[in-house]
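**Q** One line per chain: the protein sequences are A and B, in this order. To convert a position in the first sequence, counted from 1, into my numbering, add 349. To convert a position in the second sequence, counted from 1, into my numbering, add 17.
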Amino acid sequence: MNSTLFVNIFRFILLLAVQIIIFNNMNFLGYISPFPYILFIILYPVNGNKSGLLLASFLLGFIMDIFSNSGGIHTTACIVLAYYRPYIFKFSFGLSYEYQTIKLNDVLTPERFSFILLAALIHHFTLFLLEAFQFSFFWDILLQTLLSTAFTIILCIIIIYLIKPNRR
Amino acid sequence: MQQIFNFIFKNSNRLLFLLLLGISLFLTIQSHSYHRSKIISSANFLSGGAYEKINNVSEYLHLRAQNDALAQENAKLRSLLFNVKDTSSIPKLDSIKGLHPDDIIVSKVIHNSFNAHENYLTLNSGSLQGVKPDMGVINSLGIVGIIDDTSPKYSTVISILNINFRLNAKVKKSNHFGSLGWNGKSTGFVQLTDIPRLAAIRKGDTIVTGGQSVIFPENINIGTVDKIYIDNQTNYYTLDVKLFNDMTNLGHVYIIKSKDREEITNLEKRGKNE
């Protein structure tokens with residue numbers, strides 16, 4: 350139990366650092382910016398403490414906001430994702446997900462992919478909607494969400510594979 | 018009473034979510050209003066210090082480009098110096114009117130954002146160096162933004178690439194002025210609106226800051242006209258202005274203290290009060 354706690358704290362700090370130092374500076378074509386720091390919320394233990402996850406994602410988003418001068422948009426997007434995570438689990442892995450031993454950081458299966466896709470979509474849409482804060486930018490927001498989601502997913506999968514190479 | 022407690026226990030997760038959502042939405046909305054929250058800004062000790070550390074490393078990667086820019090600026094200043102006919106009257110250090118050398122604070126961009134609709138920069142000088150909100154920020158190529166908030170050692174800048182940024186600007190050769198803003202699309206272009214149709218404007222004309230701004234001195238470079246079109250609603254010209262600055266790659270900047278600013282704003286305030 351303690352080791353998962355430490356792994357999560359370590360992941361929290363590492364992902365934040367990588368996001369702030371490297372990925373915040375990426376901006377392809379003026380639209381596409383990846384946010385792989387949401388991996389923390391995605392990889393949080395399935396049966397872990399839900400209030401703990403909410404508080405941790407609040408802190409995660411809050412630090413991101415301080416570093417990117419963006420008010421509360423990352424905070425909002427993160428806690429929305431953290432709150433809807435069980436529902437995405439239910440959608441991707443079926444109703445009885447709580448009794449299975451789901452490991453997300455493993456070989457990519459359609460279920461895992463759909464989970465990451467939905468999580469990234471929800472997070473990015475909230476983020477860009479609040480960032481623009483005007484409905485006149487609606488098509489911009491959609492385009493930005495789709496492209497950035499694709500980019501984030503690719504990076505998330507690469508990071509998962511890099512950190513957890515499957516030992517066979 | 019029992020039921021209330023039961024309700025709270027049962028829905029503790031949802032209530033926590035709503036509480037946190039409320040806080041974060043409050044922060045979001047506050048950041049979009051003109052008077053931004055002072056907590057969430059990269060001018061504070063934690064993030065400012067971290068950005069300075071990061072910048073110390075990444076600065077080395079841009080040394081060559083920075084040197085080129087400095088050499089070019091030197092060459093320009095030298096040509097100004099040598100081309101004066103009477104060598105006894107060496108021009109004042111700054112040819113911009115109303116500006117003295119001690120009115121400029123040299124600073125460095127330690128964090129730059131350009132991928133949001135509301136972009137902010139962070140500089141490594143703050144109120145200890147005399148930086149105050151609403152000072153103008155320029156570099157050797159053109160304008161960069163306006164100081165938004167300061168802490169003792171750091172300050173944040175509203176970038177010219179911010180949809181809330183407004184500035185009075187004019188066409189250099191004809192003095193027709195309009196309002197400069199950004200439409201949130203491309204990082205290389207800003208828009209100059211409300212230029213009267215009478216103005217004879219051609220592609221490639223230079224756009225500079227206008228005299229109505231109390232933040233910037235007049236005639237500081239902004240960019241060149243790239244595209245001209247007529248606004249359907251107002252029948253005025255809207256110009257796409259290609260920035261001289263590459264806003265995605267900024268190094269050292271100058272912060273301008275304008276001494277007249279206080280006097281002008283005080284005067285205008287007095288006029289309104291009466």
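C-beta: ideal position from N, C-alpha, C; glycine also.
1. Write down the C-beta distance between leucine 284/B and serine 230/B rounded to the nearest angstrom, noting that I regard them as a contact closer than 8 Å.
2. Can you find a C-beta in chain B that's less than 9 Å from the C-beta of glycine 397/A?
3. Taking Cβ positions, are alanine 431/A and serine 406/A nearer each other than 9 Å?
4. Give a yes or no on whether the minimum CB-CB distance between threonine 424/A and chain B is below 9 Å.
5. Looking at chain B, is there any beta carbon in it that lies within less than 9 Å of the beta carbon of leucine 403/A?
6. Using only CA atoms, which one of Ile245/B, Leu267/B, Ile71/B and His269/B lies nearest to lysine 259/B?
7. Roughly how many angstroms lie between the CA atoms of lysine 439/A and histidine 423/A, to the nearest whole one?
8. Does the stretch 195 to 210 of chain B come into contact with the stretch 162 to 174 of chain B, if we say contact requires no fewer than three beta-carbon pairs (one atom in each stretch) closer than 8 Å?
9. Report buried or exposed for asparagine 249/B, applying the criterion of at least 16 other Cβ atoms within 10 angstroms of its Cβ.
10. CA-CA distance, isoleucine 371/A and alanine 217/B?
11. Verify the CB distance criterion: does tyrosine 77/B have a CB-CB separation below 9 Å to chain A?
12. According to DSSP, is glycine 195/B helix, strand or coil?
13. Nearest chain B C-beta to leucine 479/A closer than 9 Å, yes or no?
14. Residues in its own chain within less than 7 Å of glutamate 135/B by CB, not counting five upstream and five downstream?
15. Short check: CB of serine 400/A to CB of leucine 33/B, under 9 Å?
16. Look up histidine 49/B in the DSSP assignment and say whether it is helix, strand or coil.
17. CB threonine 241/B to CB aspartate 222/B, shorter than 9 Å?
18. At least one CB of chain B closer than 9 Å to the CB of isoleucine 415/A: is that the case?
19. Identify whether tyrosine 510/A lies in helix, strand or coil by the three-state DSSP scheme.
20. Flag alanine 82/B as yes if its beta-carbon sits less than 9 Å from any beta-carbon of chain A, otherwise no.
21. In the stretch 168 to 183 of chain B, which residues sit with their C-beta less than 7 Å from some C-beta in chain A, listed in chain order?
22. Tell me whether the stretch 122 to 131 of chain B and the stretch 475 to 485 of chain A touch, counting them as touching only if at least three CB pairs, one residue from each stretch, are closer than 8 Å.
23. Taking the straight line between their C-alpha atoms, what separation do you get for aspartate 151/B and glycine 410/A?
24. At least one CB of chain E closer than 9 Å to the CB of glutamate 235/B: is that the case?
25. Is the distance from the Cβ of cysteine 505/A to the Cβ of isoleucine 465/A below 9 Å?
26. With a threshold of 9 Å between beta-carbons, can alanine 469/A be considered close to chain B, or not?
27. When you compare only the Cα positions, how much space is there between asparagine 141/B and serine 124/B?
28. Since I believe threonine 425/A is in contact with alanine 469/A (beta carbons under 8 Å), could you give me their beta-carbon distance rounded to a whole number of angstroms?
**A** Result, derived from the coordinates:
1. The pair is not a contact, with the Cβ atoms about 15 Å apart (cut-off 8 Å).
2. no
3. yes
4. yes
5. yes
6. Ile245/B
7. 24 Å
8. no
9. exposed
10. 46 Å
11. no
12. strand
13. yes
14. Asn179, Ile180 and Asn181
15. yes
16. helix
17. yes
18. yes
19. helix
20. no
21. Thr173
22. no
23. 29 Å
24. As a matter of chain content, chain E is missing from the structure shown, whose protein chains are A and B.
25. yes
26. no
27. 6 Å
28. Not really, about 16 Å apart at Cβ, beyond 8 Å.
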